[in-house]
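In UniProt numbering, the protein residues as written are 1 to 407.
A virtual CB, placed ideally from N, CA and C, is assigned to each residue, including glycine.
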Amino acid sequence: MAYNQPNQEGFYGEFGGRFVPETLMTAVLELDKAYRESKKDPAFQAELDELLKQYVGRENPLYFAKNLTAYAGGAKIYLKREDLNHTGAHKINNALGQVLLAKRMGKKKIIAETGAGQHGVATATAAALFNMDCNIYMGEEDVKRQALNVFRMELLGAKVESVTDGSRVLKDAVNAALRAWVAQVDDTHYIMGSALGPHPFPEIVRDYQSVIGREAKRQFAEQNAGALPDALVACVGGGSNAIGLFYPFVDDSTVAMYGTEAAGRGVDTDEHAATLTKGRPGVLHGALMDVLQDEQGQILEAFSISAGLDYPGIGPEHSHFNAIQRATYVPVTDEEALEAFQLLSRIEGIIPALESSHAIAYAVKLAKELGPEKSMIVCLSGRGDKDVVQVKERLESEAAQKGGAHD
């Protein structure tokens, strides 16, 4: 039977839904109605398609990484090059779609949360293009880690609000953005950056990101005599790049799907963001999903070297895929991601985002297991320019601890 989630109430199996205060229910229902109408409107779809082509630069390549394939010594590895989009990541696919939707609804202002800064930059970019006011909420820790992206957002005309509550990271930025939305719901649209939040956000984000998988499926078939890949690999924080790659393949049962979670300093420590490996169902930011929580149900702090993956929940559709065993979710540590960051840079001449490096790390392992007859698509969700300074400092401090200079 063909996959047809979510249901009318926004549930993917037992996950998802709409857990929001009354003050937001009107806005969420208004968004749902506008979104359904936009899907049936050929003019809306044509405008979005044109923007994706002329402004974002789609379609981007599906690149056969022959050097990485040779290094892994197994399955063929293809990279879906979301890093080549305008703004340098997959986030722009969703930001543009939602700003167009906001315009259709007559909204004047945009607010958004950001972790690594990529969604913030993409949202600020789309808001600039359509001449809309834009406020971006970002945890104070992430503001420090991603100073370059903060400046980019400001350059694009956005106001960056540093969030000092809680652990001052992505989940706190989402809290702050939702609070701000409640206060100005009449003229403001909140652009959720990942496949999270109350229905219809996870569905909207999935649909705008599915361009990744639709293109990759067609491109793979063109390069491989009409065949399907054997596996898909993508990193998951909230999981929007992964759901964008996975969704067009969901009914292709021969295609295995792997999401790589941030294992931080290890899943047996307290410093990780491996939600499906170590979490359990709970409500966070308006939806029922797997969440990192203590015995009392208090949300735990998530930890990862990559600011875009340190979220203590995961998109409800990923929770559903995990529950029905349609996808497998595997933890990848900071160290493994750092190694993959350097590896791809050295052997393919592509500097990946630290988030995407988690997918590369697992792809190399998986290629060995699958063997040379098989093929996989890895979502290279973003480029690593934003991470270069952080990686440089990390490698230099590790070298200093070992008593040698890093060359």
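Within this structure, are the beta carbons of residue i and residue j separated by less than 8 Å?
| i | j | result |
| --- | --- | --- |
| GLU261 | PRO316 | no |
| GLY382 | SER345 | no |
| LYS80 | PHE64 | no |
| LEU338 | ILE305 | yes |
| GLY106 | ALA112 | no |
| GLY237 | THR333 | no |
| VAL255 | ASP294 | no |
| LEU292 | PRO281 | no |
| GLY251 | TYR3 | Contrary to the premise, residue 251 reads as Asp rather than Gly in this sequence. Yes, the pair counts as a contact, with Cβ atoms nearer than the cut-off. |
| residue 446 | ALA176 | The requested residue 446 is not part of the displayed model; the chain covers only 1 to 407. |
| LEU276 | TYR329 | yes |
| LEU156 | ALA183 | no |
| ALA361 | THR69 | no |
| CYS379 | ALA234 | yes |
| MET257 | ALA327 | yes |
| VAL84 | GLY57 | A quick correction: the sequence has Leu, not Val, at residue 84. Cβ distance < 8 Å, so LEU84 and GLY57 count as in contact. |
| HIS285 | LEU343 | no |
| VAL205 | ASN131 | no |
| TYR71 | ILE347 | yes |
| HIS318 | ALA242 | yes |
| LEU187 | LYS278 | Reading off the sequence, residue 187 comes out as Asp, not Leu. No. Outside cutoff. |
| PHE303 | GLU271 | yes |
| GLY139 | VAL169 | yes |
| ALA124 | HIS189 | no |
| PRO248 | GLY16 | no |
| GLN390 | ARG145 | yes |
| PRO198 | PHE321 | no |
| LEU100 | PHE151 | no |
| PRO42 | LYS171 | no |
| SER167 | GLU301 | yes |
| PRO200 | ASP49 | no |
| GLN223 | LEU395 | no |
Given that a residue counts as buried once 16 or more other Cβ atoms are within 10 Å of its Cβ, and exposed if not, what is residue i?
| i | result |
| --- | --- |
| ASP387 | buried |
| SER253 | exposed |
| SER375 | buried |
| residue 416 | Residue 416 is absent from the model: the chain starts at 1 and stops at 407. |
| GLY97 | buried |
| VAL163 | buried |
| MET153 | buried |
| MET25 | exposed |
| MET1 | exposed |
| SER240 | buried |
| GLY10 | buried |
| GLY73 | exposed |
| ALA27 | buried |
| SER397 | exposed |
| LYS6 | At residue 6 the sequence reads Pro, which differs from the Lys that was named. Flag for PRO6 reads buried. |
| GLN118 | buried |
| ARG36 | exposed |
| GLU215 | buried |
| ALA225 | exposed |
| GLU141 | buried |
| ASP165 | exposed |
| GLY308 | buried |
| THR269 | exposed |
| ALA227 | exposed |
So who's on the other strand from residue i, going by DSSP bridges?
| i | result |
| --- | --- |
| residue 413 | No statement about residue 413 is possible, as the shown extent of the chain runs from 1 to 407 and does not include it. |
| TYR71 | Answer is none; TYR71 lacks a bridge partner. |
| SER375 | LYS76 |
| PHE11 | GLY16 |
| ASP338 | The residue you asked about is not Asp; residue 338 is Leu in the sequence shown. None, per the DSSP bridge assignment. |
| GLN401 | Answer is none; GLN401 lacks a bridge partner. |
| GLN293 | ILE299 |
| LYS159 | ASN135 |
| LEU288 | GLY16, VAL283 |
| TYR63 | LEU79 |
| LEU380 | ARG81 |
| THR114 | MET138 |
| ALA89 | GLY382 |
Give a yes or no on whether the minimum CB-CB distance between residue i and chain D is below 8 Å.
| i | result |
| --- | --- |
| LEU343 | Within the model displayed, chain D is absent; a lone protein chain is all it includes. |
Pull up the CB-CB distance for residue i and residue j, whole angstroms please, since I reckon it's below 8 Å.
| i | j | result |
| --- | --- | --- |
| ASN60 | GLU82 | 6 Å |
| ALA46 | LYS91 | Actually they are not in contact, since the Cβ atoms of ALA46 and LYS91 sit about 22 Å apart, beyond 8 Å. |
| ALA274 | VAL283 | That pair is no contact at about 20 Å. |
| GLY384 | ALA353 | 5 Å |
| LEU232 | ILE324 | Their Cβ separation, rounded to whole angstroms, is 16 Å, which puts LEU232 and ILE324 out of contact at 8 Å. |
| residue 409 | LEU245 | Beyond the ends of the chain as shown, which are 1 and 407, falls residue 409; an answer cannot be given. |
| LEU52 | VAL211 | 7 Å |
| PHE220 | TYR12 | Not quite, the Cβ-Cβ distance comes to about 26 Å (not below 8 Å), so this is no contact. |
| ILE191 | ILE110 | 6 Å |
| ARG104 | ALA180 | Not a contact, Cβ separation roughly 22 Å. |
Alpha helix (DSSP H) segments (min. 4 residues) lying fully within the segment 305-329
Whole alpha helix (DSSP H) segments, 4+ residues: 316-323.
Can you list the alpha helix (DSSP H) stretches of 4 or more residues lying completely in the segment 190-266, in chain order?
Counting only runs of 4 or more, we get 201-209, 211-223, 240-246.
Could you give the uninterrupted runs of the alpha helix (DSSP H) lying entirely in the segment 25-56, keeping only those of 4 residues or more?
At a cut-off of 4 residues, the continuous stretches assigned as alpha helix (DSSP H) that sit fully inside the segment 25-56 are 42-51.
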